[in-house]
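> Would you mind keeping the following structure in view while I ask a few things?
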């Protein structure tokens, strides 16, 4: 057998193995989503989405839980996105290439791998205890922002690096300053990748239980009227109803899980669709 035939056989074998692995992963994901929809979708009614819990969380709805999650995600975005995007722009466009920059990138990579429970303990020590914010909406949002920052910084830097250097050179050749080039040329071209990656980071924050467990949530709380109030959140509510509830309420557990996964999935689909549409408009 010639080397060419052997190489083609190995290539076909590798493609087959990768295809089978892909089918297994997709099949497992579809099975989990289908089973979740089968168990949870029947519980999702207008009453379930619009009313507060009653009778030890076993009746009524999860409206305060949904809104608490929305407030936490919005607070996380308000803190994490401006800082993360600006840091990513600096590291990609302005930071010198030296040892300190490499150490900063290494630190960001390490931050992305830190378990969420560690962020929860850090947020409790810093925001709840040291800064005396108490267990509150703003303490939870700040903790989730710390969790999301490495993702936003990395995504921003990678999106900016994908923009051809010729665009920068052409802009500066026409007399534009470096800052104006970044603001008017590079950022608009990189916006689809930055937005999509940031939304993925926020989606992760929306599903985290450990950070808000120490800093923001309560078993039952009314709608927060200020950033210093406690709140309820979908992942924590799901954890409590699945493991700590006095009376089992499987319809609440599966309904809450379905709402959380469906909400995150819808946001990700919208972001992916927008990114695809924007990339079709950008040609270089």
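In our numbering, the protein residues as written are 7 to 290. We treat Cβ as the ideally placed atom computed from N, Cα and C, and that holds for glycine. Source: prediction; values computed, not measured.
My guess is that residue 221 and residue 130 are in contact by the Cβ rule of under 8 Å, so how many angstroms apart are they, rounded?
Taking the chain shown and counting its residues from 1, one reaches residue 221 at position 215. Taking the chain shown and counting its residues from 1, one reaches residue 130 at position 124. Confirmed, Cβ separation roughly 6 Å.
> Going along the chain, which unbroken runs of the alpha helix (DSSP H) with 4 or more residues stay wholly within the region 88-142?
Here the runs fully enclosed are 105-118, 122-129.
> Who are residue 65's beta bridge partners in DSSP?
In the chain shown, the residue the question calls residue 65 occupies position 59. BP columns for residue 65 point to 60.
> Would a C-beta distance cut-off of 9 Å place residue 85 and residue 145 closer than the cut-off?
Counting from 1 along the chain shown, the entry for residue 85 is found at position 79. Counting from 1 along the chain shown, the entry for residue 145 is found at position 139. In this structure, residue 145 does not lie closer than 9 Å to residue 85 by Cβ.
> Excluding sequence positions up to five away, which residues of its chain have a Cβ less than 6 Å from the Cβ of residue 91?
In the chain shown, residue 91 corresponds to position 85, counting from 1. If we look at residue 91 and ignore the five residues flanking it on each side, its Cβ neighbours are 162.
> Look up residue 82 in the DSSP assignment and say whether it is helix, strand or coil.
Taking the first residue of the chain shown as position 1, residue 82 is located at position 76. Residue 82 falls in the helix class under three-state DSSP.
> Would DSSP call residue 223 helix, strand or coil?
In the chain shown, counting from the first residue as 1, residue 223 sits at position 217. It is a strand residue.
> Using DSSP with H/G/I as helix, E/B as strand and the rest coil, what is residue 237?
As a working mapping, residue 237 is identified with position 231 in the chain shown. Residue 237: strand per DSSP, three-state reduction.
> State yes or no: is the C-beta of residue 143 within less than 9 Å of the C-beta of residue 214?
Within the chain shown, numbered from 1, the residue matching residue 143 stands at position 137. Within the chain shown, numbered from 1, the residue matching residue 214 stands at position 208. The answer is no: Cβ separation not under 9 Å.
> Would you identify the three-state DSSP class for residue 229, choosing helix, strand or coil?
Taking the first residue of the chain shown as position 1, residue 229 is located at position 223. Coil.
> Going by Cα to Cα distance, which pick from 277, 239, 273 is closest to residue 78?
Counting from 1 along the chain shown, the entry for residue 78 is found at position 72. Nearest option by C-alpha distance: 239.
> Would you mind working out which of 274, 275, 261 sits nearest residue 45, comparing C-alpha positions?
Residue numbering aside, residue 45 sits at position 39 when the chain shown is read from its first letter. Residue 261 is the option with its Cα nearest to residue 45.
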